[in-house]
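Participant:
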Amino acid sequence: ELNTLWRQLTESKLVLPVKHLHIFDMDGTLAFSPGPTPDNKDLYRYHTRSWTSPHGKKPSDWWNDPVTLRHPFKAPPIKSTIKAYHSAHSDPHSKVIVMTGRRDSEGMRDTVKSVVDNLTGHEHEHGKNLFLKPAARPGEKEVKADDWKVEMLKRFMGEHPDLKHIHIWDDR
Numbered sequence: 007e008l009n010t011l012w013r014q015l016t017e018s019k020l021v022l023p024v025k026h027l028h029i030f031d032m033d034g035t036l037a038f039s040p041g042p043t044p045d046n047k048d049l050y051r052y053h054t055r056s057w058t059s060p061h062g063k064k065p066s067d068w069w070n071d072p073v074t075l076r077h078p079f080k081a082p083p084i085k086s087t088i089k090a091y092h093s094a095h096s097d098p099h100s101k102v103i104v105m106t107g108r109r110d111s112e113g114m115r116d117t118v119k120s121v122v123d124n125l126t127g128h129e130h131e132h133g134k135n136l137f138l139k140p141a142a143r144p145g146e147k148e149v150k151a152d153d154w155k156v157e158m159l160k161r162f163m164g165e166h167p168d169l170k171h172i173h174i175w176d177d178r
């Protein structure tokens, strides 16, 4: 009986109000993402044929290069967080999103989507349940990831008037 009711609800276009918002970070939260260790930098240089650090300038550029999330680099799941993700995803009154401070670009967007889809087993769509930090516009200073996440949180709160709880999983 319960399965029949659940199927009817999920097959219909009935949208239940969002009462619980679950926000998951990717790097260090859903996955043990590879960092810019000396060994990884050497591997990066070999696979990109680059003899400088990613983009040659700042250490933070490692996190904004999609190559660092592709083979041979691995981002194994953090099982406890993946379990929390699936638990949240099973609640019909929950909205589950993934946000990352990695800078949005076409290459990064596709790579992050692939990594997150593989980690969670769920399909993600940029701007719907997957968000990357926007790149700075020409002449503007790049926004800090934490500041951007706070602004996005305000946006989500405005979009869901029935929201009762916000659950944030982040390694910061």
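Plus 6 on top of the position in the sequence shown (first one is 1) and you've got our numbering. From the three backbone atoms N, C-alpha and C, an ideal C-beta is built for every residue, glycine too. Everything numeric in this text was worked out from a predicted model, so none of it was measured.
Under 8 Å, with one C-beta from each stretch per pair, do the stretch 33 to 46 and the stretch 81 to 99 reach the 3-pair mark?
Facilitator: In short, these stretches touch, since the Cβ pair count reaches three.
Participant: Apart from the five residues just before and just after H128, which ones in its own chain have a Cβ nearer than 6 Å to its Cβ?
Facilitator: Within the same chain, H128 has no close Cβ partners at all.
Participant: Which runs of the alpha helix (DSSP H) spanning at least 4 residues fall entirely within the stretch 74 to 155, listed in chain order?
Facilitator: Segments of the alpha helix (DSSP H) lying fully in the stretch 74 to 155: 85 to 95 and 112 to 126.
Participant: Measuring only the C-alpha atoms, how far is H61 from D168?
Facilitator: Confidence in H61 is poor, its pLDDT being 49 and thus under 50, which makes the residue's placement unreliable; the coordinate value appears in the next sentence. Their Cα atoms are separated by approximately 44 Å.
Participant: I'd like the list of long-range same chain contacts for D31, defined as Cβ closer than 7 Å, with 5 residues on each side in sequence excluded.
Facilitator: For D31, where only same-chain residues beyond five positions count, the Cβ hits under 7 Å are M105, T106, W175, D176 and D177.
Participant: Return the chain-ordered list of same chain residues with a C-beta closer than 7 Å to the C-beta of A141, the five sequence neighbours on each side being excluded.
Facilitator: R109, D110 and S111, listed in sequence order.
Participant: Between the Cα of Y3 and those of H26, T35 and W69, spot the shortest distance and give me the residue it belongs to.
Facilitator: Here the chain comprises residues numbered 7 to 178, so residue 3 is not present and cannot be evaluated.
Participant: In the DSSP assignment, what are the bridge partners of D31?
Facilitator: Partner(s): M105.
Participant: Measuring only the C-alpha atoms, how far is H99 from K147?
Facilitator: Going from the Cα of H99 to the Cα of K147 covers about 37 Å.
Participant: Out of L27, K89 and P23, state which residue places its alpha-carbon closest to the alpha-carbon of K162.
Facilitator: A small correction: the amino acid at residue 162 is Phe; Lys does not occupy that position in the sequence shown. Taking only the C-alpha atoms, the option nearest F162 is L27.
Participant: Nearest-angstrom Cα distance between P72 and K170?
Facilitator: Distance between the alpha carbons of P72 and K170 is about 36 Å.
Participant: Closer than 6 Å by C-beta to K63: which residues in its own chain qualify, once you throw out the five before and the five after it? Chain order, please.
Facilitator: Only weak support exists for where K63 lies, its pLDDT of 48 falling under 50; the value from the coordinates is given anyway. Cβ neighbours of K63 beyond the five flanking positions: none.
Participant: For the candidate residues G113, N135, G34 and K47, whose alpha-carbon lies nearest to that of K101?
Facilitator: Comparing Cα positions, the closest option is N135.
Participant: Compare the Cα-Cα distances from G113 to each of L75, L8 and S93 and report the closest residue.
Facilitator: Ranking the options by Cα distance to G113, first place goes to L75.
Participant: Counting along the chain, where does the beta strand (DSSP E) carrying H173 start and finish?
Facilitator: Element bounds for H173: H171 to W175.
Participant: Please check the pair H130 and D123, which I expect to be a contact at CB under 8 Å, by giving their CB distance rounded to whole angstroms.
Facilitator: Indeed they touch by this definition, with Cβ atoms about 6 Å apart.
Participant: How about K139 and A151: are their beta carbons less than 9 Å apart?
Facilitator: Taking 9 Å as the Cβ cut-off, K139 and A151 qualify as a contacting pair.
Participant: Suppose contacts are defined by Cβ-Cβ distances below 9 Å. Is T126 in contact with H77 by that definition?
Facilitator: No; because the gap between Cβ atoms is not below 9 Å, this pair is not in contact.
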